[in-house]
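Shown next, in structure tokens, is the structure this report addresses.
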Amino acid sequence: MNIQIIIVTGAIIQDGNKFLIGRRGPDEKSPGMWEFPGGKLEDGESLQCCIKRELKEELDIDAEIGGLYHHYTYKYPHVWYELYFYKVNKFSGHPIKLAHDRLIWETLENFNKYDFIPGDGPIITKLIDDKKIKDI
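Each number in my numbering corresponds to the 1-based position in the sequence shown with 159 added.
Structure follows, in structure tokens:
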């Protein structure tokens with residue numbers, strides 16, 4: 160069995176206790192599902208360049224990318240996604256929905272109200288676990 164491996168970067172953009180998430184449009188794969196901004200790595204591109212490019216393409220923002228926050232592999236039967244999530248230290252511009260049909264700032268406590276793409280489950284769990292540690 161041949162397994163395709165796709166490398167994807169995602170952005171953790173936080174403002175206080177809220178995180179920026181977007182809903183996939185009707186013409187996208189998994190329409191109506193929510194996700195963190197980001198996208199696929201292009202040939203010859205570094206991970207940090209990828210996330211900067213994706214944020215410009217999807218949100219029209221220029222971002223200062225921090226260190227790697229979390230990495231994991233999300234496996235489907237014939238495709239594995241290598242996901243690399245980076246925290247955004249700061250950005251210039253106002254996020255606009257160039258790739259999503261909705262953008263919102265939401266708290267972790269309310270994430271259960273949204274239908275996220277399955278591949279974002281592990282990053283949401285890590286964010287919630289890290290918040291619990293901080294709140295102790």
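Virtual Cβ for every residue (Gly too), placed ideally from N, Cα, C.
Here the structure is a predicted model, which means the values were calculated and not measured.
Neighbourhood of G252 by C-beta, 8 Å cutoff - its chain only, sequence neighbours within 5 removed: Position 93 of the sequence shown, counting from 1, holds the residue named residue 252. The beta carbon of G252 lies closer than 8 Å to those of L218, D219, I220 and D221 in the same chain, with the five residues before and after it left out.
Coarse secondary structure for G198, derived from DSSP in three states: Locating residue 198 in the sequence shown gives position 39, where the first residue counts as 1. The answer is strand: DSSP assigns G198 an E or B state.
Burial state of H382 (16 or more Cβ within 10 Å): With the chain covering only 160 through 295, there is no way to say anything about residue 382.
Own chain residues within Cβ distance below 7 Å of K177, not counting five before or after: To locate residue 177, count along the sequence shown from 1; it is residue 18. So the list reads W264, E265 and T266, once near-sequence residues are dropped.
Beta-carbon separation (whole angstroms), Y245 vs I171, contact threshold 8 Å: Within the sequence shown, the letter at position 86 stands for residue 245. Within the sequence shown, the letter at position 12 stands for residue 171. Confirmed, about 7 Å.
K211: first and last residue of the uninterrupted alpha helix (DSSP H) it sits in: Within the sequence shown, residue 211 is the residue found at index 52, counting from 1. L206 to L218 is the span of the alpha helix (DSSP H), which, as asked, contains K211.
Chain B within 8 Å of K177, Cβ atoms only: No chain B appears in this structure, which consists of one protein chain only.
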